[in-house]
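Just so you know, we're using the numbering used here here: the first sequence kicks off at 4 and counts up by one.
Beta carbons: idealized from backbone N, C-alpha and C, even for Gly.
Step one of this worksheet: look at the structure below.
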Amino acid sequence: MSVTSSTALDSQLTTTWGPTNSYPDGPLVMSGYTSRLWPHESQPQFWSKYQVWEWLQQVLDIHQIDASSIPFQNFDMDGHQLCSLSYQDFIRAAGSLGPILFHSITELKWSGQYHVEIGQLDLKPELDYSCPFPDVSFPPGEIYDPSLHSLAPVASPTPSSPDIKRSFSRPHQVKKHNPRGTHLWEFIRDILLNPERNPGLIKWEDRTEGVFRFLKSEAVAQLWGKKKNNNSMTYEKLSRAMRYYYKREILERVDGRRLVYKFGRNARGWRESEK
DNA sequence: AGGATATTTCCTGATT
DNA sequence: CAATCAGGAAATATCC
């Protein structure tokens, strides 16, 4: 397990990751975090609420399940609590997705080292979970506080074993046709919903109304591009995609204010209470 | 294989 | 002036 990548952070901090694909394919995957992980961070029972949240995101992502299809508030707990849930608890908390989550956490509980050598579940090697939203556009010098990393290390826990994938009863209706995972609006929403990982990229203007504003438009575009394995993404292009959402009412128009958008009636999972 | 969906890419023109 | 906003058109990438 070439935990190498030591300098992954450095490169991320600088600006790099965008250019050439930092994600060829193959085992590589696990990034620099691995080496920075504290033993606790690799053991679910010691996870913070945030890490639990992150684990959820990863499992959903790997299974290409829409993030809005699970009641996140049911998992507003730390790792200790999470680990004490029974299979039935998972069913109650996540319905048909319960088995998947249960299996994942069970695996993790049994292997505090899951993050090592997992690089090749037959899943795409595209997991960029380990990226704590490096802020690309930052001009050299003003990188985002490295201390943030200590908050979101976990990252690498690529939900363990390959068999997790399909082993359990395949809940039906679990995923639709996504042009490669998450939709743009969901990607944006998730950044918004995860302040710890949002080093000033996007900010809520009006939380209850669903109004938000891009603070670092190009950085967000770079991140989006990274997720789509497209290093030439720009805000110009990303915004075109955003504008298409108006018609579908996933976004509502907010004119006059530059870089400001608002979630529409067809955007789900962004409200504090909802879902 | 082919259509549908969701962007991505490009572009011209208007605003801020 | 540079950055955005607006959309139309056409090209792509995935999905099913």
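The alpha helix (DSSP H) with residue i in it runs from where to where?
| i | result |
| --- | --- |
| E212 | Where E212 is concerned, there is no enclosing alpha helix (DSSP H), given that its DSSP letter is neither H nor E. |
| K52 | 52 to 65 |
| K112 | 101 to 113 |
| F78 | Element bounds for F78: n/a, residue is neither H nor E. |
| I73 | I73 -> no alpha helix (DSSP H), and no H or E assigned at all. |
| L91 | Just to set this straight, residue 91 is Gln in the shown sequence, not Leu. Its alpha helix (DSSP H) spans residues 90 to 97. |
| E189 | 187 to 195 |
In the DSSP assignment, what are the bridge partners of residue i?
| i | result |
| --- | --- |
| I205 | F217 |
| Y264 | F215 |
| E255 | K265 |
Quick one: using the 10 Å Cβ neighbour count with 16 as the cut-off for buried, is residue i buried or exposed?
| i | result |
| --- | --- |
| D209 | exposed |
| R192 | buried |
| W113 | exposed |
| Y238 | buried |
| H118 | Residue confidence for H118 is low, a pLDDT of 40 falling below 50, so the modelled location carries little weight; the figure read from the coordinates is stated next. By the 10 Å Cβ count, H118 comes out buried. |
| H106 | buried |
| L226 | buried |
| S281 | Summary: the structure shown does not reach residue 281, with the chain confined to residues 4 through 278, and so no result is reported for it. |
| E189 | buried |
| Y264 | buried |
| D258 | exposed |
| G82 | buried |
| E57 | buried |
| A244 | exposed |
| N269 | exposed |
| G203 | exposed |
| A97 | buried |
| Q91 | exposed |
| T211 | exposed |
| D79 | exposed |
| P156 | Caution applies to P156, whose pLDDT of 34 falls short of 50 and renders its modelled position unreliable; the model cannot decide the point. |
Give the C-beta separation of residue i and residue j to the nearest angstrom, bearing in mind that I take them to be a contact with Cβ-Cβ under 8 Å.
| i | j | result |
| --- | --- | --- |
| L59 | F49 | Not a contact, Cβ separation roughly 17 Å. |
| G272 | L254 | At roughly 14 Å, the Cβ-Cβ gap does not stay under 8 Å, so G272 and L254 are not in contact. |
| I363 | H66 | This structure cannot settle anything about residue 363, because the visible part of the chain is limited to 4 through 278. |
Please indicate yes or no: does the CB of residue i lie closer than 6 Å to some heavy atom of the ligand GTP?
| i | result |
| --- | --- |
| L254 | No copy of the ligand GTP appears in this structure; indeed no ligand is present at all. |
- Counting pairs of beta carbons, one from the region 216 to 224 and one from the region 270 to 277, are three or more of them closer than 8 Å? Result no; under three Cβ-Cβ pairs closer than 8 Å.
- Query: Does the region 194 to 206 come within contact of the region 241 to 255, defined as at least 3 CB pairs closer than 8 Å?
  - Reply: Using a C-beta cut-off of 8 Å, the region 194 to 206 makes no contact with the region 241 to 255, since fewer than three inter-stretch Cβ pairs fall below that distance.
- Hey, is the region 94 to 111 in contact with the region 221 to 235, meaning 3+ C-beta pairs nearer than 8 Å? Below 8 Å, too few C-beta pairs join the region 94 to 111 and the region 221 to 235 to call them touching: fewer than three.
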